[in-house]
Amino acid sequence: MVVQANASETRYRTLFSDSQIVMLVVDPNTGRIIDANDCAASYYGYAITKMTSMRVSDILEASPDDIRSALELARMEKRDHFEFRGRLASGETRDVEVSTSKIEIAGEEKLISIIQDVTERNLAVEKIFDMATHDALTGLPNRSLAADRLRKACLHADRSGSSAALLFIDLDHFKAVNDSIGHDVGDLLLKEVAYRMKAVVRSEDTVARQGGDEFLIVLPDLHDAAYAGNVAEKIVLVLSEPFELRGHEVHIGASIGIATYPKDAPDAESLMKFGDIAMYQVKNSGRHGYRFFSSEMHETSLERQIMANALHHAVEKGELSVEFQSIVDTSGTNMLGMEALLRWKNPELGSVSPAKFIPIAEDTGLILPIGEWVIREVCRKIAEWQEAGIDPPRISINLSGRQFRTKTLAEDIIGILYETRTDPRYIGLEITESMLVENVEETAATLSRLDDFGFEISIDDFGTGYSSLSYLKRFPVKKLKIDRSFVTDIASSSDDLAIARSTVALAHSLGMQVVAEGVENETQFEVLRSIGCDFVQGYLFGKPASYAETTKRILGKA
Ligand code: C2E
Ligand code: MG
Ligand code: MG
């Protein structure tokens, strides 16, 4: 290129040739490369003479239209910054950032382009973005990316008049698997779950991991929101198939809540909340299945919220009390013991059933201070009886799974007994089957410690939980309590009778005794006695009663 050099051109020329930066001079009208410096030649892998016979389209991976419009924008100085995918002589492609400025050479407009390779930087950015938006274990999008996709799905629904849906998925029994078989198998299970779920959705759907054993699925562009139910059904089905993991056959299931846009909620945030509420309803009604959100559910969840707030102050405001229900033997009416049952009376809410508030206390963690209060209260009542010269029978206290999961449970209970000077032989502890399977080794150790100390351990609501018959013999359990649901129809249902009968046989073969719960009439009582049940508890022998009533009962005056 022979040009008549003026002052600015001379300056450019020195800068251009000596520069360690990749630089090209380009004709904005034709896209021809007019000049290239040494650095450009070695970067692209062409001789300078070769480069000056090329066009920018030869070193860019871009459509002719995109190139033309970039040159035009640069020429008009509307933009001076572009990102392209560049192509080297070797065929390799790289991300390049191109900065342009206009210069006049021999009276003609040209562009000086400075080219910077930003491939590494882009990869790093991509990686960071990926880490910030994906779950490391399963590789699925995380909650924040799912929320973003859900927002986009709502926007799309607005424009196209379609619907969008969010599936909120929680695995059933995941914790039991994780705790009993091990975390590495738990991790494998989560990956496998992710794989199975992805296999049943469309390519435009997003399967994401919300955290723990919770997943989200975003379904955009639905002509009929009811389609979300089909997807949920498929997910429930594929997750109920057994998993083969390192030689273990693992069974789980899924509880799914569905919220749809625009029917259920006005925005993505509320959809997330409502999906969660609907999922919760599935969990509460026995797990394993799916449900669409409904506005009644929202009311229920508001009611829960109000209850949770009130429950926060229940201990300090003295709103809690304990009632006692007798457990008697089937031979006569000898009192074996009593069960302590928690009562809550709030000025605004009235008397709230434990079946309603205990699950809330468990979810919010309030069961820990409340459970501690129950143990202390029972000990105080035992002391009061003793001071009055009455020797009370053993009193069983219900423990929740949440209490059981605190590592210090045995120490906490023993501490309260020391503090209140209560003899452990007065205390029984009722736990549920599912607590046994959660963390077998630790549970066995805790229970042995409590057993050594003299507490009597029973399994409550037997037959309703996650089956753990094979585990039973590993724990120092003295009694099984057959759940009321098997007792109610025991006289007419052969299934219930068979379950009760085999529970009795199993318990006896393991050296345990059986208590039947919820015995309301003579017929049930007779059947239970005939199958060898050892003890009974129910309205037939007395409803749960206050401390004063119970005192009369113990003294045989009521
Ligand atoms: P649970 O431990 O199985 O207690 C037995 C429940 O059956 C009690 O319900 C009792 O009142 C009721 N019941 C007893 N006999 C009969 C009968 O003949 N017919 C009928 N229909 N019901 C009968 P309640 O007091 O409402 O307690 C419900 C559940 O709440 C308890 O079931 C227990 O799981 C939980 N709970 C109660 N107190 C506590 C506590 O202090 N801590 C914990 N963690 N849970 C508690
Ligand atoms: Mg109980
Ligand atoms: Mg029970």
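Under the numbering used here, the first residue of the sequence shown is numbered 3, with each subsequent residue one higher.
Each residue gets a CB set at the ideal place from its N, CA and C atoms; glycine is no exception.
Owing to the predicted nature of the structure, the values given are computational and were not obtained by experimental measurement.
Just tell me which of the options has its CA closest to the CA of residue i.
{"i": "Leu-304", "options": "Val-284, Ile-279, Ala-316, Leu-508", "result": "Ile-279"}
{"i": "Ala-261", "options": "Met-281, Phe-295, Leu-344, Lys-236", "result": "Phe-295"}
{"i": "Glu-551", "options": "Lys-154, Ile-116, Phe-18, Trp-387", "result": "Trp-387"}
{"i": "Ile-23", "options": "Glu-94, Ile-114, Gly-109", "result": "Ile-114"}
{"i": "Arg-15", "options": "Asn-39, Val-28, Ile-35, Asp-29", "result": "Asn-39"}
{"i": "Ala-547", "options": "Glu-325, His-136, Phe-537", "result": "Glu-325"}
{"i": "Leu-62", "options": "Val-100, Ile-36, Arg-145", "result": "Val-100"}
{"i": "Tyr-428", "options": "Leu-419, Gly-231, Glu-435", "result": "Leu-419"}
{"i": "Asp-226", "options": "Pro-264, Glu-379, Arg-378", "result": "Pro-264"}
{"i": "Leu-147", "options": "Thr-51, Val-317, Glu-122, Gly-213", "result": "Gly-213"}
{"i": "Glu-364", "options": "Glu-374, Arg-404, Ala-342", "result": "Arg-404"}
{"i": "Asp-20", "options": "Val-28, Asn-31, Cys-41", "result": "Cys-41"}
{"i": "Thr-335", "options": "Gly-513, Val-538, Glu-379", "result": "Val-538"}
{"i": "Thr-490", "options": "Asp-160, Thr-448, Lys-475, Leu-542", "result": "Leu-542"}
{"i": "Asp-498", "options": "Gly-513, Gly-109, Leu-530, Arg-382", "result": "Leu-530"}
{"i": "Val-179", "options": "Met-78, Ser-436, Lys-112", "result": "Ser-436"}
{"i": "Lys-481", "options": "Phe-86, Glu-458, Leu-368, Glu-79", "result": "Glu-458"}
{"i": "Asn-523", "options": "Asp-119, Arg-486, Gly-430", "result": "Arg-486"}
{"i": "Ile-117", "options": "Tyr-45, Lys-80, Ala-230", "result": "Tyr-45"}
{"i": "His-158", "options": "Ile-107, Tyr-473, Asp-269, Lys-177", "result": "Asp-269"}
{"i": "Ser-353", "options": "Glu-389, Arg-382, Ala-316, Val-376", "result": "Ala-316"}
{"i": "Asn-400", "options": "Gly-373, Thr-408, Ile-415", "result": "Gly-373"}
Since I believe residue j is in contact with residue i (beta carbons under 8 Å), could you give me their beta-carbon distance rounded to a whole number of angstroms?
{"i": "Val-233", "j": "Val-195", "result": "Their Cβ separation, rounded to whole angstroms, is 15 Å, which puts Val-233 and Val-195 out of contact at 8 Å."}
{"i": "Pro-426", "j": "Phe-455", "result": "5 Å"}
{"i": "Arg-56", "j": "Ala-43", "result": "Reading off the sequence, residue 56 comes out as Met, not Arg. Going by Cβ atoms, the distance from Met-56 to Ala-43 rounds to 11 Å, so no, they are not a contact pair."}
{"i": "Gly-544", "j": "Ser-328", "result": "5 Å"}
{"i": "Gly-339", "j": "Ile-397", "result": "6 Å"}
{"i": "Met-199", "j": "Val-187", "result": "Not confirmed; about 19 Å, so no contact."}
{"i": "Ile-69", "j": "Ser-59", "result": "5 Å"}
{"i": "Met-25", "j": "Asp-172", "result": "With a Cβ gap of about 58 Å, Met-25 and Asp-172 do not count as contacting."}
{"i": "Leu-508", "j": "Phe-477", "result": "That pair is no contact at about 14 Å."}
Which class does residue i belong to by DSSP, given the choice of helix, strand or coil?
{"i": "Asp-393", "result": "coil"}
{"i": "Asp-37", "result": "strand"}
{"i": "Asn-144", "result": "strand"}
{"i": "Met-340", "result": "strand"}
{"i": "Thr-553", "result": "helix"}
{"i": "Phe-464", "result": "strand"}
{"i": "Glu-321", "result": "coil"}
{"i": "Arg-13", "result": "helix"}
{"i": "Gln-22", "result": "coil"}
{"i": "His-510", "result": "helix"}
{"i": "Ile-533", "result": "coil"}
{"i": "Ile-258", "result": "strand"}
{"i": "Asn-311", "result": "helix"}
{"i": "Gly-540", "result": "coil"}
{"i": "Thr-434", "result": "strand"}
{"i": "Ile-329", "result": "strand"}
{"i": "Tyr-48", "result": "coil"}
{"i": "Ala-227", "result": "coil"}
{"i": "Gly-558", "result": "coil"}
{"i": "Val-4", "result": "Low per-residue confidence applies at Val-4: pLDDT is 39, beneath 50, and the placement is therefore not dependable enough to give any value."}
{"i": "His-290", "result": "coil"}
{"i": "Ala-547", "result": "strand"}
{"i": "Phe-410", "result": "Sequence check: residue 410 is Thr here, not Phe. Of the three classes helix, strand and coil, the one that applies to Thr-410 here is coil, per DSSP."}
{"i": "His-300", "result": "helix"}
According to the Cβ coordinates, are residue i and residue j closer than 8 Å?
{"i": "Gly-520", "j": "Gly-534", "result": "no"}
{"i": "Thr-525", "j": "Ala-493", "result": "yes"}
{"i": "Lys-193", "j": "Leu-139", "result": "yes"}
{"i": "Leu-452", "j": "Ala-500", "result": "no"}
{"i": "Ile-384", "j": "Thr-332", "result": "no"}
{"i": "Gly-255", "j": "Arg-293", "result": "no"}
{"i": "Ala-190", "j": "Leu-247", "result": "At residue 190 the sequence reads Leu, which differs from the Ala that was named. A contact, by the Cβ cut-off of 8 Å."}
{"i": "Asp-462", "j": "Glu-440", "result": "no"}
{"i": "Leu-344", "j": "Leu-370", "result": "no"}
{"i": "Ala-149", "j": "Pro-222", "result": "no"}
{"i": "Leu-73", "j": "Arg-145", "result": "no"}
{"i": "Ala-310", "j": "Leu-351", "result": "no"}
{"i": "Gly-430", "j": "Ser-460", "result": "yes"}
{"i": "Ile-362", "j": "Ser-402", "result": "no"}
{"i": "Arg-161", "j": "Val-220", "result": "no"}
*For ligand 2, which residues have a Cβ under 6 Å from at least one heavy atom, in chain order?*
Glu-341, Asn-400, Glu-432, Asp-462
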